[in-house]
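In terms of this note's numbering, the sequence shown is residues 1 to 164. Idealized CB from N, CA, C, for every residue including glycine.
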Amino acid sequence: MNQKKSRRPSRNNQAKSDRANRAVREYTAGGVVYRRIEDRVEILMIQDRLGRWTIPKGHVEAGESIDQTALREVAEETGLTEFRLGDKLDKLHFFYRKEGKLIFMTTHVFLMEALGDTDAIVPEDSEGIADAKWFDSVEALKLIEYRDTEKLFRLGLEKVYATT
Numbered sequence: 001m002n003q004k005k006s007r008r009p010s011r012n013n014q015a016k017s018d019r020a021n022r023a024v025r026e027y028t029a030g031g032v033v034y035r036r037i038e039d040r041v042e043i044l045m046i047q048d049r050l051g052r053w054t055i056p057k058g059h060v061e062a063g064e065s066i067d068q069t070a071l072r073e074v075a076e077e078t079g080l081t082e083f084r085l086g087d088k089l090d091k092l093h094f095f096y097r098k099e100g101k102l103i104f105m106t107t108h109v110f111l112m113e114a115l116g117d118t119d120a121i122v123p124e125d126s127e128g129i130a131d132a133k134w135f136d137s138v139e140a141l142k143l144i145e146y147r148d149t150e151k152l153f154r155l156g157l158e159k160v161y162a163t164t
């Protein structure tokens with residue numbers, strides 16, 4: 001006897017969908033930022049207000065494209081101003097609560113090469129950035145604490161090393 005699979009979403013998927021429909025949607029963009037120093041690659045990371053090392057990113061402003069947001073936010077949070085925007089690596093989706101509201105966040109992450117004076121880092125403390133530093137890729141992988149961001153971080157590193 002042939003049984004057709006139901007096209008109805010599973011309870012778990014339906015619950016996620018309902019949750020997403022109730023949430024306020026927010027969009028951010030940022031980058032896995034790297035530089036080449038002779039034969040090595042270094043990654044720029046920021047320390048957020050929770051003390052966790054991650055990638056620079058921030059909210060999309062009215063009239064901005066996601067790639068414009070990524071460039072602006074990385075510049076604001078790190079003080080660097082010259083970048084080559086590379087491939088969009090992917091996007092992350094997650095929920096969090098802010099002021100009692102459920103937020104459904106979508107973050108677009110790009111690969112970005114820092115150009116010019118890459119040592120002129122000035123972390124933006126008004127944005128809640130405690131620190132910003134260059135790390136070799138091995139150390140950076142050990143420091144990154146957000147699992148979903150780590151996956152995109154690894155993908156970015158694969159692309160960088162594929163072009164060296």
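An exposed status is given to Gly51, since fewer than 16 other beta-carbon atoms sit within 10 Å of its beta-carbon. The criterion of a C-beta distance shorter than 9 Å is satisfied by Asp67 and Phe110. The beta carbon of Gly156 lies closer than 6 Å to those of Val32, Leu89, Leu111 in the same chain, with the five residues before and after it left out. Counting C-beta atoms within 10 angstroms of its own C-beta, Arg22 has fewer than 16 neighbours from the protein chains shown and is therefore classed as exposed.
Non-local C-beta neighbours of Glu82 in its own chain, meaning closer than 6 Å and more than five positions away in sequence, comprise Leu115, Gly116, ordered along the chain. The DSSP-derived three-state label of Thr69 is helix.
For Asp87, the enclosing beta strand (DSSP E) covers residues 83 to 98.
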